[in-house]
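Everything below concerns the one structure shown next.
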Amino acid sequence: MTELKFNNVIKRYGKTEVVHGINLDVRDKEFLVLVGPSGCGKSTLLRMVAGLEAISDGTISIGGKVVNDLAPKERGLAMVFQNYALYPHMNVYENMSFGLRLNKTPKDEIDRRVQETGQILGLENLLHRKPHELSGGQRQRVAMGRAMVRKPSIFLFDEPLSNLDAKLRIQMRAEIKLLHQRVNSTIIYVTHDQVEAMTLADRIVVLRDGYIEQVGSPMELFSKPANTFVAGFIGTPPMNLLDAVIKFRGDNAFLIFDGGLEIPVPPGDTHLNGFRDGQSVVMGLRTEEITPSDLNPSLPASWKFDGLVEVVEPLGNETHVHVNIKGVKMIARSEGRRSIKYGDSLKFAMNLNQMHIFDAETTLSIY
Numbered sequence: 009m010t011e012l013k014f015n016n017v018i019k020r021y022g023k024t025e026v027v028h029g030i031n032l033d034v035r036d037k038e039f040l041v042l043v044g045p046s047g048c049g050k051s052t053l054l055r056m057v058a059g060l061e062a063i064s065d066g067t068i069s070i071g072g073k074v075v076n077d078l079a080p081k082e083r084g085l086a087m088v089f090q091n092y093a094l095y096p097h098m099n100v101y102e103n104m105s106f107g108l109r110l111n112k113t114p115k116d117e118i119d120r121r122v123q124e125t126g127q128i129l130g131l132e133n134l135l136h137r138k139p140h141e142l143s144g145g146q147r148q149r150v151a152m153g154r155a156m157v158r159k160p161s162i163f164l165f166d167e168p169l170s171n172l173d174a175k176l177r178i179q180m181r182a183e184i185k186l187l188h189q190r191v192n193s194t195i196i197y198v199t200h201d202q203v204e205a206m207t208l209a210d211r212i213v214v215l216r217d218g219y220i221e222q223v224g225s226p227m228e229l230f231s232k233p234a235n236t237f238v239a240g241f242i243g244t245p246p247m248n249l250l251d252a253v254i255k256f257r258g259d260n261a262f263l264i265f266d267g268g269l270e271i272p273v274p275p276g277d278t279h280l281n282g283f284r285d286g287q288s289v290v291m292g293l294r295t296e297e298i299t300p301s302d303l304n305p306s307l308p309a310s311w312k313f314d315g316l317v318e319v320v321e322p323l324g325n326e327t328h329v330h331v332n333i334k335g336v337k338m339i340a341r342s343e344g345r346r347s348i349k350y351g352d353s354l355k356f357a358m359n360l361n362q363m364h365i366f367d368a369e370t371t372l373s374i375y
């Protein structure tokens, strides 16, 4: 069992603290993705695991053993970098076998591992080529192969796809997912791209400013964001986040927006949710929950609103529609083949059963 544990891990540069008391358990054979905007601390965490950055406070343990003072080569890890880090004067075979040769692995064992890994990654006919003779995707496979031949207990990936074009990123995502299924090892993967995180991860760790915002499965983060930051970061396009005020009329609660738009909160124990009359909140609703009303005829009439189309973004199988409803701007989703154009007046339905409400002051989810 190869579990990795962060115990109150802190990183400082001089007097500036950039990672703040991280506590996290990475499960054996898990594909864990660290995601967040630039400067959130995700690559710093990965480099501390690898032994490339010193830990200022706290401990990192692998398989129950604290590794703070171990050299990188003693940790049983392999890291795949954003820039491939291939030796330009060596061919593919030599690059993949380099670490094994340093460790004085027997020659026949080196050859067996390189040939086996080359076949898995589709590199068997490229072993004689130099890096400059390879495409970006092939170079990334060589970098992965160099990690695989070492048979590490944990793979570390630091933004490995950021240098690739969009089509190749999609292809390599599938290959990395397949790699995880084949090697059956723990993977910790860093990216700023939430699409990569959603498609690859067993669990996602969302980071901001050196703190963990939320940890969960992709669908947990998508369906139950802990706060407005996670709600706005996970999902494409991001969740509509709209400022409002709670107003009670008897037992019914309404969201009141600037300009006069009123949206009912679906019936339920709204008082028990800690709502206060006049409380400032943020309503969250994903684009797929706002559609032209004829696509959702079963929704109540009070959940349907007249809107003015301001921007249309056709995407083929669907269309994103920027709509203005009584001065409140949001993004809706429609069928790809439907004809919608700038300036159209349409009735839009909101599936308020999927509404999220966040406290405006704390930004935390309250509904």
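The sequence shown runs 9 to 375 under this note's numbering.
Glycine included, C-beta positions come from ideal geometry on N, C-alpha and C.
At the C-beta level, N103 and V26 stay beyond 8 Å of one another. Of the residues assessed, M227 falls on the exposed side of the cut-off, its CB having fewer than 16 other CB atoms within 10 angstroms. When DSSP states are grouped into helix, strand and coil, E183 belongs to the helix group. In this structure, the straight-line span from the alpha carbon of D201 to that of Q222 is close to 16 Å. DSSP, reduced to helix, strand and coil, places E82 within a helical segment of the structure shown. Using a Cβ distance threshold of 8 Å, L372 and A252 do not count as a contacting pair.
Boundaries of the beta strand (DSSP E) harbouring K13: 12 to 21, taken from the DSSP string. Boundaries for V317: no alpha helix (DSSP H) harbours it, while the beta strand (DSSP E) harbouring it runs 312 to 322, taken from the DSSP string. By the CB criterion at 8 Å, I333 and G351 fall outside the cutoff. Taking 8 Å as the cut-off, the beta carbon of G84 is found closer than this to the beta carbon of I70. Between R346 and I298, the C-beta gap is not smaller than 8 Å, which leaves the two residues out of contact. L186 is classed as exposed because its beta carbon has fewer than 16 other beta carbons within 10 Å across all chains shown. In the three-state reduction of the DSSP assignment, D116 falls in the helix class, which pools H, G and I. When the beta-carbon positions are compared, G243 and R294 come within less than 8 Å of each other. Nearest in C-alpha terms to D77, of all of F366, V57, M87, L94, is V57. Collapsing the DSSP output to three states places V329 in a strand.
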